[in-house]
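J.:
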Amino acid sequence: MADEERDQHDSVGAWAKSYHNASRALIESTLREHDLGPTQWYVLHRLVNVGPTLQRDLSRLLRVERATLSGVVATLVRKGLVDQHADAADQRQRRLSITDAGRALWSRLPDPVALALDVSFAGADEADLAVARRVLQEATARIEAYLAARGPAPSSRTDGTD
1 MADEERDQHD SVGAWAKSYH NASRALIEST LREHDLGPTQ WYVLHRLVNV
51 GPTLQRDLSR LLRVERATLS GVVATLVRKG LVDQHADAAD QRQRRLSITD
101 AGRALWSRLP DPVALALDVS FAGADEADLA VARRVLQEAT ARIEAYLAAR
151 GPAPSSRTDG TD
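Position 112 of the sequence shown, counted from 1, bears residue number 112 in the UniProt record's numbering, the numbering being contiguous throughout.
Spelled out as structure tokens, the structure:
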């Protein structure tokens with residue numbers, strides 16, 4: 001049992017989770033200095049690099065619940081970094097765009113993802129990184145295919161929410 005437990009903690013999956021947690025901590029600490037969280041940064045990133053975006057599309061792209069994104073957007077609007085207005089084509093939808101203040105903040109921000117990658121993989125062999133990418137991509141694809149084939153799990157909630 002001890003060997004089995006040790007193997008689970010030394011598995012590729014366990015190390016992928018450890019890497020995710022460590023890189024997320026670095027990203028969060030970098031952004032905290034600028035009073036931003038990771039999801040706020042990703043919203044700004046999208047608006048700067050892609051342009052105005054429907055809020056509902058961001059929820060899917062960022063893989064966050066709509067309610068969570070609503071809070072993030074409300075905070076960015078309150079800070080004056082993002083404008084939220086009705087979409088011209090569909091008044092029920094909210095279109096987000098970056099403000100001048102948001103663009104000014106963006107120009108001063110370090111790129112926390114680039115920092116995490118630089119710190120993580122400085123000096124790493126490109127061939128090793130290619131293998132790691134391929135293994136994790138294939139593992140992710142297999143899990144996603146398995147979940148799709150299995151179908152949604154029945155909800156265990158009794159409060160009527162998802």
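Backbone N, C-alpha and C define an ideal beta-carbon position, used for all residues, glycine too.
1. My assumption, with CB atoms under 8 Å, is that residue 53 sits in contact with residue 46. Please give the rounded CB distance.
2. Can you name the start and end residues of the alpha helix (DSSP H) that residue 119 belongs to?
3. Taking just the CA atoms, how far does residue 99 sit from residue 164?
4. Mapping the DSSP letters down to three states, classify residue 34 as helix, strand or coil.
5. Considering only their Cβ atoms, is the gap separating residue 106 from residue 64 smaller than 7 Å?
6. Should the region 112 to 125 be called in touch with the region 24 to 31, which here means at least 3 C-beta pairs below 8 Å?
7. So, residue 92 versus residue 84, is the Cβ gap smaller than 7 Å?
8. Does DSSP put residue 89 in a helix, a strand or coil?
T.: From the atom records:
1. 6 Å
2. 112 to 121
3. What is shown of the chain runs 1 to 162, which leaves residue 164 out entirely.
4. coil
5. no
6. yes
7. no
8. coil
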